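> This is the structure I want to talk about, given as structure tokens.
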Amino acid sequence: IYFSSESSIRELVSQQIQQAADKIWPSLTSAEQEELSLEQQQHTQLLKNTLNTAKSHRARLEQGADSWRDYTQTLERVKAVIARTRFTDEPVTTLAGLQFNIQKITHALNDIQNQQFELDLLNERGQEMLSLADAANHKNIEAQLAECNAEWRELVSGLEGRRDALEALSKHWEELEARWSHTESRLTAIEERSKLVDTVVRSKQHIRDTIKVLD
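Per this note's numbering: the sequence shown = residues 330 to 544.
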């Protein structure tokens, strides 16, 4: 409202008051004319100073509003990154399923690490807002920053822990499958050799020869 009336205020001072002064000017003494002229100059300068101060204050308010908008938008982006990176591992019954879960976690870690700049930007803009905020908002902003940073650290730490645990399990699983495959191969070979064994015992030497075949 104030700034929309600036032109009418200037018109009041520069034109309407001047016109009123011009009307009474001839009836004034020299001393009164000098006094009126001085007062008019003082009021004109006061108006100019007031308008300049108001403009400066408006600029600061607009800057503060822009900073607050940037801060809240960055805060929402950080929260979105945290939300989409939270997930539970799928139950698995195969090594391939386990490795798929590891890939999901690795992808999530890469994603959140690539978005680290958003958290850095939030902290930077948060510090800027803290320098402008009153006591109540100062406390709220501090709490928001602390919560986001804590959630981010816990999320990264949790993902790294899950990845390491699943990678260790995957390695153990691979070793077990390799041993099982080796055992199956040996059993198959023994089974094939046993088909060639003459089950009728004829002598001790025949028994020894049969054992050698099975070994």
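Yeah, the Cβ is synthetic: ideal placement off N, Cα and C, and Gly gets one too.
Computed from a prediction, not measured in an experiment: that's the story for all the values here.
Taking the alpha carbon of L427 as the point to measure from, which residue in K377, K500, K408 and Q402 has its own alpha carbon closest?
If we check each option's Cα against that of L427, K500 comes out closest.
> Please report the distance separating the alpha-carbon of S486 from that of S385.
So the alpha carbons of these two residues sit roughly 47 Å apart.
> With a 10 Å radius around its C-beta and 16 neighbouring C-beta atoms as the bar for buried, classify N381 as buried or exposed.
Classification of N381: exposed, given that the 10 Å Cβ count is below 16.
> So H467 and L459 are in contact, right, with Cβ under 8 Å, and what is the actual spacing, rounded?
Yes, they are in contact, since the Cβ atoms of H467 and L459 sit about 6 Å apart, within 8 Å.
> Could you tell me whether the Cβ atoms of D449 and T414 are closer together than 8 Å?
Not a contact, by the Cβ cut-off of 8 Å.
> Fully enclosed by the stretch 438-497, which alpha helix (DSSP H) runs are 4 residues long or longer?
Counting whole runs of 4 or more residues, the stretch 438-497 contains the alpha helix (DSSP H) stretches 445-461.
> Short of 8 Å in beta carbon distance, which residues of its chain neighbour R491, apart from the five on each side in sequence? Order them along the chain.
Once the five neighbours on either side are set aside, the close Cβ partners of R491 are D418 and I434.
> According to DSSP, simplified to helix, strand and coil, what is F429?
If DSSP states are grouped into helix, strand and coil, F429 belongs with the helices.
> Determine, using beta carbons only, whether I411 and L484 come nearer to each other than 8 Å.
For I411 and L484, yes; Cβs fall inside 8 Å.
> Quick check on W481: buried or exposed, where buried means 16 or more other Cβ atoms within 10 Å of its Cβ?
Buried, since its Cβ has 16 or more Cβ neighbours within 10 Å.
> For W401, does the count of other Cβ atoms within 10 angstroms reach 16, so buried, or fall short, so exposed?
Just to set this straight, residue 401 is Thr in the shown sequence, not Trp. T401 should be labelled exposed.
> DSSP three-state call for V421: helix, strand or coil?
DSSP places V421 in coil when its eight states are reduced to three.
> Under 8 Å between the Cβ atoms of L451 and L488?
Going by C-beta atoms, L451 is not nearer than 8 Å to L488.
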